[in-house]
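Below: the structure, in structure tokens.
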Amino acid sequence: MKLNYKTFPKGDARRYFVALLAVARLSERATIRYVAEEIGCTRSEAQRALEVVEIQFGVRFSRNGPLYIIDSWGVLKRHELGQLVAPDD
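Final position of the sequence shown in this note's numbering is 119; the numbers increase by one with none missing.
Printed below as a string of structure tokens:
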């Protein structure tokens with residue numbers, strides 16, 4: 031399931047969730063560059079989205095150089111996020 035950040039309007043939390051799910055999907059390649067490429071946005075938009083999920087939803091990342099690793103999903107449930115942002119078929 032490939033999701034696009036700009037499918038959702040500016041300020042929509044689903045944009046942030048798309049970025050978070052991309053980190054999970056990319057796993058050992060989850061750098062800002064690859065996250066941005068994966069979801070079709072700029073690096074600064076991807077960076078901001080990941081900052082927002084940390085602040086607003088309690089998601090915790092550890093960093094290994096440029097690599098993002100999800101340590102905690104905070105108050106979010108991964109499976110439900112996937113359903114929330116999935117395109118309607």
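Think of the CB as a built atom: it goes at the ideal place given N, C-alpha and C, for glycine as much as any other residue.
Cross-strand partners of residue i (DSSP beta bridge)
| i | result |
| --- | --- |
| Leu97 | Asn94 |
| Ser74 | According to DSSP, which records beta bridges pairwise, Ser74 is partnered with nothing at all. |
| Ser102 | Arg90 |
Own chain residues within Cβ distance below 8 Å of residue i, not counting five before or after
| i | result |
| --- | --- |
| Ala66 | Thr72, Arg73, Glu75, Ala76 |
| Gly102 | Note that residue 102 is Ser in the sequence shown here, rather than Gly. Excluding residues within five positions, the ones whose Cβ falls inside 8 Å are Gly88, Val89, Arg90. |
7 Å Cβ cutoff met for residue i and residue j
| i | j | result |
| --- | --- | --- |
| Phe38 | Leu111 | no |
| Leu97 | Ala49 | no |
| Ile85 | Ser92 | no |
| Ile69 | Ala54 | no |
Neighbourhood of residue i by C-beta, 7 Å cutoff - its chain only, sequence neighbours within 5 removed
| i | result |
| --- | --- |
| Val82 | Tyr46 |
| Ile63 | The amino acid occupying residue 63 in the given sequence is Arg; Ile does not appear at that position. If we look at Arg63 and ignore the five residues flanking it on each side, its Cβ neighbours are Arg73. |
Residue burial classification, residue i (beta-carbon count within 10 angstroms, cutoff 16)
| i | result |
| --- | --- |
| Val105 | exposed |
| Glu58 | exposed |
| Ala79 | buried |
| Asp119 | Reliability fails at Asp119, whose pLDDT of 48 lies under 50, so the model's placement of it is uncertain and the value that follows must be treated cautiously. It counts as exposed. |
Beta-carbon proximity list for residue i, same chain, < 6 Å, skipping 5 on both sides
| i | result |
| --- | --- |
| Arg44 | Phe38, Val115 |
| Tyr35 | Arg45, Val48, Ile69, Gly70, Cys71 |
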